[in-house]
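Engineer: Numbering (full-length UniProt numbering), first residue to last: 1 to 205.
Yeah, the Cβ is synthetic: ideal placement off N, Cα and C, and Gly gets one too.
My questions all concern the structure below.
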Amino acid sequence: MAKRRAVGNPLALAVLSGLLLEPMHPYEMGRRLKETGKDRNIKYNRGSLYMVVEQLRKAGFIAEQETVRDTARPERTVYALTDSGRAELYDWMRELVAEPEHEYPRFGVALSLLGVLEPGEAVELLGTRLVALDREAAEITADTARAKEQGLPWVFLVEEDYRLALLEAERRFVTTLIDGLKAPEYLRAWQEALGEGTPWSAPEQ
């Protein structure tokens, strides 16, 4: 079972990881997230980044090291990783890497209730999903190819390889599901249980 973290936002983990390399101010943290492509999987904005930094400071995981004053910019506070922050980083990473966790995806909810849809409509909707999956996979493939050409080390792209593997697995699953929904035995069973004239009939669009 996952531990309850003092700061549980995934963005906090990225901040701790960045500060492992060197002390930084929040602006630099955000720039590094984009440079290394971590913003593809960890969504944030300037406000959420500063909020997480403050939460980490209050938790004792990071500490103010110095304030940098520049006449061209507002003063910036540089933060450093504390010993407890380093311990939290490694404990959290080990948990995430080693322990699977059910994440309750929205598609899983839809699948659990798929039987309420008329089979033909379900097949059409899943076909639309296949098109979207193919488009997303193509975008990821193109983005990672460009990143590799620019010399970005593979370890910074491994999460994109994971996303691509998930998309490919989902595509195979959806294709098989469509075949199952078209099977005569399923159509007969659906018609008997939820066909036209039953209380569960879907309204026409």
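(1) Quick check on DSSP: helix, strand or coil for Thr128?
(2) In this structure, how does DSSP classify Thr77 when only helix, strand and coil are distinguished?
(3) Quick check on the burial criterion: 16 or more other C-beta atoms within 10 angstroms. Buried or exposed for Met93?
(4) Assign Thr144 to one of two classes, buried (16 or more other C-beta atoms within 10 Å of its C-beta) or exposed (fewer than that).
(5) Out of Leu16, Thr141, Arg163 and Ala169, state which residue places its alpha-carbon closest to the alpha-carbon of Glu54.
(6) Would residue 212 and Val78 qualify as a contact pair, given that the criterion is a beta-carbon distance under 8 Å?
(7) Determine the DSSP secondary structure at Gln150, reduced to helix, strand or coil.
(8) Pick helix, strand or coil for Arg32, following the three-state DSSP scheme.
(9) Indicate the three-state DSSP secondary structure (helix, strand or coil) for Thr144 in the structure shown.
(10) Would you tell me roughly how many angstroms separate the C-alpha atoms of Val118 and Glu124, rounded to the nearest one?
(11) From which residue to which residue does the alpha helix (DSSP H) around Val7 run?
(12) So, Arg40 versus Glu160, is the Cβ gap smaller than 8 Å?
(13) For Gly60, which of Ala80, Ile140, Glu192 and Tyr90 has the nearest alpha-carbon?
(14) According to DSSP, which residues form a beta bridge with Ile62?
Structural biologist: Based on what the coordinates show:
(1) Locating residue 128 in the sequence shown gives position 128, counting from the first residue. If DSSP states are grouped into helix, strand and coil, Thr128 belongs with the helices.
(2) For the purposes of this step, residue 77 is taken as the residue at position 77 of the sequence shown. Looking at Thr77 - three-state DSSP - the assignment turns out to be strand.
(3) If you number the sequence shown from 1, residue 93 lands on position 93. The residue in question, Met93, is exposed, as its Cβ has fewer than 16 Cβ neighbours within 10 Å.
(4) Along the sequence shown, one-based indexing puts residue 144 at 144. Thr144 is buried by the Cβ-count criterion.
(5) Mapped onto the sequence shown, residue 54 falls at position 54. Answer by Cα proximity: Leu16.
(6) It is not possible to answer for residue 212, since the shown part of the chain is limited to 1 through 205.
(7) Here residue 150 refers to the residue found at position 150 when the sequence shown is read from its first residue. Here Gln150 sits in coil by DSSP.
(8) Translated into positions along the sequence shown, residue 32 becomes position 32. Here Arg32 sits in helix by DSSP.
(9) Here residue 144 refers to the residue found at position 144 of the sequence shown. Three-state DSSP puts Thr144 in a helix.
(10) As a first step, residue 118 must be located in the sequence shown, where it is residue number 118. As a first step, residue 124 must be located in the sequence shown, where it is residue number 124. First, the amino acid is wrong: residue 118 is Glu here, not Val. Those two C-alpha atoms are separated by around 10 Å.
(11) For the purposes of this step, residue 7 is taken as residue 7 along the sequence shown, with counting starting at 1. Per DSSP, Val7 belongs to no alpha helix (DSSP H) and is neither H nor E.
(12) What you label residue 40 is simply residue 40 of the sequence shown in a count that begins at 1. What you label residue 160 is simply residue 160 of the sequence shown in a count that begins at 1. Cβ atoms of Arg40 and Glu160: closer than 8 Å.
(13) Reading the sequence shown from its first residue, position 60 is the one you call residue 60. Checked all of Ala80, Ile140, Glu192 and Tyr90; the closest Cα to Gly60 is Ala80.
(14) Numbered from its first residue, the sequence shown carries residue 62 at position 62. For Ile62, which the question treats as bridged, DSSP gives the partners Leu81.
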